[in-house]
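Here is the structure we will look at, set down as structure tokens.
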Amino acid sequence: MPPYLPPPGLDAGADLVADKSAKPPGRRRFLQGGAALAGGAAAATLAGSARAAGEVLPVPAWTRSQGRPVANPYGQPSGFEGRVIRRVREGAQPPFPTAASSLTPLADIFGTITPNGLVFERHHAGIPDIDPEQHRLVIHGLVERPLSFSLNDLLRFPAVSRVHFLECAGNSGSEWRPARKLTVQSLHGLLSCCEWTGVSLGTLLQEVGVAPEAKWLLAEGADAAAMTRSVPLDKALDDALIVYAQNGEMLRPEQGYPLRLLLPGWEGNISVKWLRRLKLGTAPWQSRQETSKYTDLLPDGTSRQFSFVLDVKSVITGPSGGQTLKSRGRQQITGLAWSGHGRIRRVDVSIDGGRNWEEAVLQTPVLDRALTRFSLPWLWDGGPAVLQSRAVDSHGNVQPTRSQLIAARGTESAYHYNGIQSWQVLPSGEVHNVHV
Amino acid sequence: MSMFERKPLAALLGALALSAALSACHSQPVRNGQPLGLGTPVDAAQLAAWDIDIDADGRGLPPGSGTVAAGQRIYETRCIACHGAGGQNGIADRLAGGQGSLATKAPVRTVGSFWPYATTLFDYVRRAMPFDSPQSLTPDEVYAVSAYLLHLNGLLPADGRLDAASLPRVVMPNRDGFKVDDRPDVVGTRCLKDCTPGS
């Protein structure tokens, strides 16, 4: 076993990465990183010992008196975590606060489940305060028995719970443009992952009886946008959920309380919130949200429509934009990967801007169309570095580079950006968004 | 050995039959694939206020009509504050102009340059506009505003009028500009060593 405490004066990081071999530096540092993973306790102690040296541990005030009593009606995070909040994109104050979005603080959350109060928001006409007693879900159109369901009716159906990510099609859209020095929250925070509970839409469709000529259905919200999207019937029958709960409690108002649609792996906009109506028909309705918006303009002037699936993607959340590495030596690279096609199979990480890559460790269980946490230890030698991650999904799809995306789609398609993210680490420890 | 295994088969079957009969008296297990009988029947009259969607062929368009001139008056009262005079230079989406720009470096997406169907205009204005008072316009007013916006884009003459028959016949310039999802158009590669760097 290696010693738990280093000799006085040892600069752990500098010592462990001092390798003058001819191998590319990125590759070499990765190998050392792997060794650090194997001997994790020793490495962690080395990195942490500098700060701890000489520190005398007092008995603080909170150990000498009673804390607050029980019966805090709804628990809140520690007051010391006040910076972990949703935010609108830096430098973008929306002219209409009810037609806007707020972003999940990806750098400050852990594991794979997004706390309900931090799930990203995108509204087109604000958050309605819906009385669940008055709310109804109507299914009609090309059905045998048009029916109206109360929330209580839906709670009597078999409940299904599944963990799925939710990502806005416009997430990371600023990356189509020249790199701005934004945080991972601002760049990629239209992304969350919850355990969703509700009723399989297929079960409800069985209840109303689908007419044989039905091929699409229109999903409509009860908000002031009465937002509509057309959904292929195949998807509705395959894995769509009518959701009333997220992460163990009823949906938050901003997530569609009391009912929303959830179409796993598809662009967030189509998982219509405050769902009040499903109408079955033979063709898509060509609603504003599937023509004027959420279509992907290409360089030849044509646009891709009904591009529902979110492609394979990943992002390093730490170290990430706006953070500063405080000391050389061991760092923990961590991030999130996801694919609308299926499970994440592997994530590769580069610290040299994409020349050399090392496979990251995936947190288990790796779930279908859910956020997957990856991590890889890294010994930073204090020099410049560019961190990247690249995800591969269970269908063999490989996350492309930004250059590949732009070569195929130009810079005006607005939606479905899934390029590899680059974080530049400066010798000062500052981390910035760059395009290399 | 459990007691069940010592019982004759006939006795076991009898017990099963008895328990099935008993459960029929009180409650029944739900078989997969059978409707549960939940939900309340609903008819068209009950649904009328919600059933407002217009499809791409114009099905669902209500009776009524509106002129470009009437639409301009409504626009300049209810829409101009956000969308700007003539459907341009407002804080909300630009509504007019941009035709011919889609294949350029600076595409301008408006009703006239981008929207493939005029029916969408009626559907969207009726359900979601004006922003400060959605679903407050009458069908005649929605026809009129739609007519004015199409006029601003050169798609309806100044003396034009729209109704349920004429609106779906308006041919939008970008009607054939959309194609169904044809991805994958970009294929990433998984190089691990000495790769060409890129982002």
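Line by line, the protein sequences give chains A and B.
When we follow our numbering, the leftmost residue of the first sequence carries the number 410, and every step to the right adds one.
When we follow our numbering, the leftmost residue of the second sequence carries the number 3, and every step to the right adds one.
Cβ atoms here follow ideal geometry from the backbone N, Cα and C, with glycine treated the same way.
- As DSSP reads the structure, B/Tyr119 sits in a beta bridge with B/Val173.
- By a beta-carbon distance limit of 8 Å, B/Leu97 contacts B/Val113. Their separation comes to about 5 Å.
- By the criterion of at least three beta-carbon pairs nearer than 8 Å, the segment 681 to 694 of chain A is in contact with the segment 619 to 631 of chain A.
- Under the 10 Å beta carbon count, A/Phe489 is surrounded by fewer than 16 other beta carbons and is classified as exposed.
- With a 10 Å radius around the Cβ and a threshold of 16 neighbouring Cβ atoms, A/Ala634 comes out buried.
- For B/Tyr119, the closest Cβ of chain A is nearer than 8 Å.
- Put simply, the CB of A/Leu627 is near chain B, with a gap under 8 Å to one of its CB atoms.
- Sixteen is the threshold: since fewer than 16 other Cβ atoms of the shown chains lie within 10 Å of the Cβ of B/Lys195, the residue is exposed.
- Distance between A/Leu556 and A/His549, taken at the CA atoms: about 7 Å.
- Under the rule that a run must span 4 or more residues, the alpha helix (DSSP H) segments found entirely inside the segment 508 to 580 of chain A read 560 to 564.
- Against chain A, the CB of B/Val44 has a partner CB under 8 Å away; the residue lies at that interface.
- Collapsing the DSSP output to three states places B/Phe124 in a helix.
- In the structure shown, A/Lys735 falls within a coil segment according to DSSP collapsed to helix, strand and coil.
- With fewer than 16 other Cβ atoms from the protein chains shown falling within 10 Å of its own Cβ, A/Tyr483 counts as exposed.
- Within the segment 752 to 775 of chain A, contact with chain B at the beta-carbon level (separation under 9 Å) is assigned to Arg755, Asp757, Ser759, Asp761, Gly762, Gly763, Arg764, Asn765, Trp766, Glu767 and Glu768.
- A/Gly730 sits away from A/Val845, with the two beta carbons spaced by 8 Å or more.
- In the three-state reduction of the DSSP assignment, B/Tyr145 falls in the helix class.
- One thing to note: A/Thr606 has its Cβ no nearer than 8 Å to the Cβ of A/Ala631.
- Short of 8 Å from the beta carbon of B/Ala46, and not among the five residues preceding or following it, lie these beta carbons of its own chain, in chain order: Asp53.
- Residue A/Pro693 holds the alpha-carbon nearest to the alpha-carbon of A/Leu626 among A/Gly500, A/Pro693, A/Gly762 and A/Thr711.
- The residue among B/Pro118, B/Leu123 and B/Tyr150 with its C-alpha nearest the C-alpha of B/Tyr77 is B/Tyr150.
- The Cβ-Cβ distance between A/Gly665 and A/Leu719 does not fall below 8 Å.
- Closer than 8 Å to the CB of B/Asp183 there is at least one CB belonging to chain A.
- Bridge pairing for A/Val770: A/Ser784 [DSSP].
- Going by DSSP, A/Cys602 is part of the beta strand (DSSP E) stretching over Leu600 to Ser609.
- According to the DSSP assignment, A/Tyr653 belongs to the beta strand (DSSP E) that extends over Leu650 to Gln655.
- In the structure shown, A/Thr700 adopts coil according to DSSP, grouped into three states.
- In terms of beta-carbon proximity, A/Phe519 stays away from the interface with chain B, with every pair separated by 8 Å or more.
- The residues Thr704, Asp705 and Leu706, in chain order, have a CB closer than 7 Å to that of A/Ser712 in the same chain once the five nearest residues on each side in sequence are set aside.
- Segment contact: the segment 778 to 791 of chain A against the segment 737 to 756 of chain A, three or more CB-CB distances shorter than 8 Å; contact assigned.
- With distances taken between CA atoms, B/Gly102 lies nearest to B/Gly179 out of B/Thr121, B/Val189, B/Tyr119 and B/Gly179.
- Per the C-alpha coordinates, the member of A/Glu464, A/Ala800 and A/Arg531 positioned closest to A/Arg496 is A/Arg531.
- Note on geometry: alpha-carbon atoms of A/Leu575 and A/Gly463 lie some 47 Å from one another.
- Distance from the CA of A/Glu553 to the CA of A/Gln615, rounded to the nearest whole angstrom, comes to 10 Å.
- For A/Glu499, same chain residues with a beta-carbon under 6 Å away, outside a window of 5 residues either side, are Leu591 and Ser595 in chain order.
- Counting the other CB atoms within 10 Å of its CB gives A/Phe519 a total below 16, which places it among the exposed residues.
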